[in-house]
Amino acid sequence: MSTSARRRLLRDFRRLQNDPPSGITGAPLDTNIMLWQAVIFGPDETAWEGGTFKLTLEFSEDYPNKAPSVRFMTKMFHPNIYNDGQICLDILQNQWSPIYDISAILTSVQSLLCDPNPASPANSEASRLYSENRREYNRRVREIVEQSWVDES
Amino acid sequence: MSDSDSEEIEYQYSDDSDSDAEETAAPQEDSGDEERKEESKDEKPNPLKTPSGKHTNANPNAPPTGSSRFSLSPDYSSPSSSTEDPRLVPSSSLKGEMLNVLEEIIEMLSIPEEAAGALMRCFKWNKEKLIASYFDDPERCLQKAGVLKRVRMLEDRQDASAPTKTSRPLTPSRTSPRTATRSTPLPPSSPLPQTCLICCDDDLTPSEMYSMPCSHSFCCDCWSGFLGNKIDEGPSCVYAKCPQAGCEEIVSGEEVKAMAPSKISQWDKYELRSFVDLNKNTRWCPGTDCTMVAITKAGVGNVKCSCGTSFCVKCGEEPHTPVVCKDLSLWLEKCQNESETANWILANTKKCPKCATRIEKNQGCNHMVCQQCKHEFCWICVQPWEDHGANTGGYYKCNKFNDKSNSDDQSDAAKAQRELDRYLHYYQRYHAHSQAQKFAKKQLQQTEQRMVQLQDGSAHTSWIDVQFLKTATEQLVECRRVLKYTYTFAYYLDPSDKTGKKERFEHHQEMLEKFTENLSELSEQSLDKMDRTGVVNMTRVVDRFVKNLCKYVEDGMEIED
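As given, the protein sequences belong to chains A and B, one line each in that order.
Residue 1102 is where the first sequence starts when you use my numbering, and the numbers rise one by one after that.
Residue 129 is where the second sequence starts when you use my numbering, and the numbers rise one by one after that.
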């Protein structure tokens, strides 16, 4: 079992390097291929523009039959992201399919930034502002973007 | 029957430790009632219980009663016939039961067995609902259950005429997984290397690939890992879908057999478990470690399992006529919550109204005689016993709740107090009969011995002649059970009802209570005073009465003509 997960992760790594989706980088730790760090850049022409958001991905030996656990390390303000960085995203839970790879996961998380689902709120304040006061929501997002540069250092 | 044997040993053991505790803790009592007390001991160690201990009927050294005990058990130990409803089946014959149900669906909709199973699961084994939905919109119905491709593929195969041979085998091979490829049809002459989207291997031969009817192929190793993983996740594996993202086609035993044969027994187990759990017409016997399953036609009814557990097939609780399952669950939840209050403790012990000695009732009859002062009173209403019974003109007036408090007081506190009083009224009576039911069950265990003694007592009495005692005690258990639930039932009757339904019900309840007390007293008589005819007659009367009462409630409590 263990070899198949590792072999697949190596393929994922190669694919991510050879054909990187725009605004996404990621690599396993030098010491542990089961633990990855990734950065998602805020999509241009959105409130998220310019943000650099760090994530960790933790894989089990059952990968790709089981989804990895994905978490933002940067502080976020988003309807579907919990305060501790956990992400409420269907493909990471019940809609997971073993054909998804790291590049697919990160692309989905990136598109979630600008396309939240207020119906399943993980952050009620962000969810409320997103539906009721988009101006204030965008202001709070830009705050987070600026904070992400500070976190970087 | 090993169950009842071990139970007996355990019971006798606790019995012994019981009497030790009693001799030190409880006051001395008259020897006259000892025999009666002995016959129905409490289940738990009980410091408040009245003492005994000289004539121990339940002696561990008594001759073994194992063989005759067998006859105390219900008749369901024999294989149930198919006409019985509800009937009990061992879990080993569940597969057959499931296939019987599927057979009809397979025939009616001409679909493969695997598709029928998934369809039925999707509709919680409600055949009528499935059929209605199917004929309303077959495409949508099959899609919803995740078997659209599986069904259509079979149809395609049947449509395909013989001359044009497809690369797929006509019947999926179940024995040789590696060759059972029904993947994307490729010309056999040019075996292009294929890619598995799970492991990303890109030099696989078609024979190393496998797909479900939806044609999404993956390599056999990945299939095996995927299915093994799903099955290891537990019972929800029966809802696993094709590994392809967004594909709704559901996995079946066919794929498991082909790609993860070592897991098929586990899969079958989960499939059967799902069959019983989802199906409204089936229920696992709630008895400890019992694996029998009750099957009904209509989803209602009571059943007695060979392990000795009786239960309602609909809700799994002890049979509870006349209360409906919904009210019973409300009631049990309420009792659970209320039990934390001090009132609950009060409901378990009572003071003698004359000398105020704390008494816990430890046998079935409500006619109490205080061992301290010899005062006779009714356990339920704590009024003198003389006020009860027909001879003094006063009936057994213990079952009606009279709202004595000042109902003009509309404050929330007063309302809450009244509601609590109302609940406690019913709870105390429910609890009293519940305890009495336990005592009667205990009494039933000792009845065998009493029957032997009764038979030995007179030269020309046969075993048949003493059967009446067992029948009477069984009837007593049944009466206590029904009486217990009549109070739950009455609690949920509309208190403001003006049609007189409540009064009529309480009248019947009162009568049943009276008969039951009579029977209880008659059957607990010491053997030399045993009135056989009286017991036999009372058993018959009470049996009829219980049945009529339940029927009356079932019929909606309309006035009889």
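Here a beta-carbon is modelled for each residue, glycine too, at the ideal position from N, C-alpha and C.
Beta-carbon separation (whole angstroms), residue i vs residue j, contact threshold 8 Å
i                       : j                       : result
residue 378 of chain B  : residue 246 of chain B  : 5 Å
residue 480 of chain B  : residue 498 of chain B  : 4 Å
residue 1152 of chain A : residue 1245 of chain A : 7 Å
residue 420 of chain B  : residue 438 of chain B  : About 12 Å; that fails the 8 Å criterion.
residue 391 of chain B  : residue 355 of chain B  : 6 Å
residue 597 of chain B  : residue 651 of chain B  : 7 Å
residue 637 of chain B  : residue 614 of chain B  : 5 Å
residue 1219 of chain A : residue 1228 of chain A : 5 Å
residue 1255 of chain A : residue 1203 of chain A : Because chain A here runs from 1102 to 1254, residue 1255 of chain A falls outside it and cannot be looked at.
residue 1128 of chain A : residue 1142 of chain A : That belief does not hold up - the Cβ atoms of residue 1128 of chain A and residue 1142 of chain A are roughly 15 Å apart, past 8 Å.
residue 363 of chain B  : residue 402 of chain B  : 6 Å
residue 424 of chain B  : residue 213 of chain B  : 6 Å
residue 373 of chain B  : residue 1183 of chain A : Incorrect: roughly 24 Å between the Cβ atoms, too far for contact.
residue 558 of chain B  : residue 642 of chain B  : Wrong, their Cβ atoms sit about 18 Å apart, outside the cutoff.
residue 1109 of chain A : residue 327 of chain B  : 6 Å
Reduced DSSP secondary structure (H/G/I, E/B, other) of residue i
i                       : result
residue 605 of chain B  : helix
residue 422 of chain B  : strand
residue 368 of chain B  : coil
residue 306 of chain B  : Confidence is the limiting factor: at residue 306 of chain B the pLDDT is only 40, short of 50, which leaves the residue's position unreliable, though a coordinate-based value still follows. It is helical.
residue 337 of chain B  : strand
residue 495 of chain B  : strand
residue 373 of chain B  : coil
residue 332 of chain B  : strand
residue 683 of chain B  : coil
residue 251 of chain B  : coil
residue 447 of chain B  : coil
residue 1224 of chain A : coil
residue 170 of chain B  : With a pLDDT of 40 at residue 170 of chain B, under the threshold of 50, the predicted position of this residue should be treated as unreliable, and no value is reported.
residue 1210 of chain A : helix
residue 589 of chain B  : coil
residue 352 of chain B  : helix
residue 759 of chain B  : As shown, chain B starts at 129 and ends at 689. That puts residue 759 of chain B outside it, with no answer to give.
residue 480 of chain B  : coil
residue 214 of chain B  : coil
residue 500 of chain B  : coil
residue 442 of chain B  : coil
residue 452 of chain B  : coil
residue 345 of chain B  : strand
residue 512 of chain B  : strand
residue 378 of chain B  : strand
residue 488 of chain B  : coil
residue 1156 of chain A : strand
Residue closest to residue i, alpha-carbon to alpha-carbon, out of the options
i                       : options                           : result
residue 550 of chain B  : B/462, B/234, B/256 and B/343     : B/462
residue 358 of chain B  : B/347, B/590, B/344 and B/381     : B/381
residue 335 of chain B  : B/328, B/406, B/346 and B/327     : B/346
residue 429 of chain B  : B/574, B/634 and B/450            : B/450
residue 1249 of chain A : A/1130, A/1178 and A/1145         : A/1178
residue 1161 of chain A : A/1181, A/1199 and A/1149         : A/1199
residue 594 of chain B  : B/583, B/658 and B/603            : B/583
residue 456 of chain B  : B/466, B/445 and B/465            : B/445
residue 353 of chain B  : B/442, B/405, B/370 and B/401     : B/370
residue 665 of chain B  : B/418, B/644, B/415 and B/328     : B/644
residue 690 of chain B  : B/342, B/605 and B/255            : In the structure as shown, chain B begins at 129 and stops at 689. Residue 690 of chain B is therefore absent and cannot be evaluated.
residue 599 of chain B  : B/407, B/667, B/565 and B/507     : B/667
residue 682 of chain B  : B/360, B/452 and B/263            : B/452
residue 1117 of chain A : A/1224, A/1208, A/1144 and A/1195 : A/1208
residue 282 of chain B  : B/274, B/238 and B/263            : B/238
residue 375 of chain B  : B/351, B/277, B/320 and B/400     : B/277
>> List, from N- to C-terminal side, the beta strand (DSSP E) runs of 3 residues or more that fit wholly inside the region 381-420 of chain B.
In response: Taken in chain order, the complete beta strand (DSSP E) segments of 3 or more residues contained in the region 381-420 of chain B are 410-412.
> Can you give, in chain order, each stretch of the beta strand (DSSP E) that sits fully within the region 1163-1196 of chain A and has at least 3 residues?
Replying inline: Listed in chain order, the complete beta strand (DSSP E) runs (minimum 3 residues) inside the region 1163-1196 of chain A are 1170-1173.
> Of all the residues that make up the region 367-379 of chain B, which are near chain A by a beta-carbon distance shorter than 9 Å?
Replying inline: Within the region 367-379 of chain B, the residues whose Cβ lies closer than 9 Å to some Cβ of chain A are 369, 370, 371, 372, 373, 374 and 375, listed in chain order.
>> Under 7 Å, CB to CB, which of the residues in the region 1177-1208 of chain A have a partner in chain B?
In response: Close to chain B, meaning a Cβ-Cβ distance shorter than 7 Å, are the following residues of the region 1177-1208 of chain A: 1198, 1199, 1200 and 1201.
> Along the chain, which unbroken stretches of the beta strand (DSSP E) at least 3 residues long are found entirely within the region 1123-1151 of chain A?
Replying inline: Here the runs fully enclosed are 1125-1129 and 1136-1142.
>> By the 7 Å beta-carbon criterion, what residues does the region 1139-1166 of chain A contribute toward chain B?
In response: For the region 1139-1166 of chain A, the residues whose beta carbon sits under 7 Å from a beta carbon of chain B are, in order, 1163, 1165 and 1166.
> Between the region 410-440 of chain B and chain A, which residues of the former have CB atoms less than 9 Å from a CB of the latter, in chain order?
Replying inline: Those residues of the region 410-440 of chain B that come within reach of chain A (Cβ to Cβ, closer than 9 Å) do not exist; the list is empty.
> Taking any Cβ of chain B, which residues in the region 1225-1247 of chain A have a Cβ under 7 Å from it, in chain order?
Replying inline: Under the 7 Å Cβ criterion, the region 1225-1247 of chain A contributes no residue.
>> Under 7 Å, CB to CB, which of the residues in the region 1109-1126 of chain A have a partner in chain B?
In response: Sequence-ordered contacts of the region 1109-1126 of chain A with chain B read 1109 and 1112 [C-beta pairs closer than 7 Å].
> Hey, which unbroken runs of the alpha helix (DSSP H) at 4 residues or more fall wholly within the region 627-679 of chain B?
Replying inline: Those alpha helix (DSSP H) runs which fall completely within the region 627-679 of chain B and span 4+ residues are 629-651.
> What residues in the region 316-337 of chain B have a beta carbon less than 7 Å from any beta carbon of chain A?
Replying inline: Residues of the region 316-337 of chain B with a C-beta atom less than 7 Å from some C-beta of chain A are 325, 326, 327 and 328, listed in chain order.
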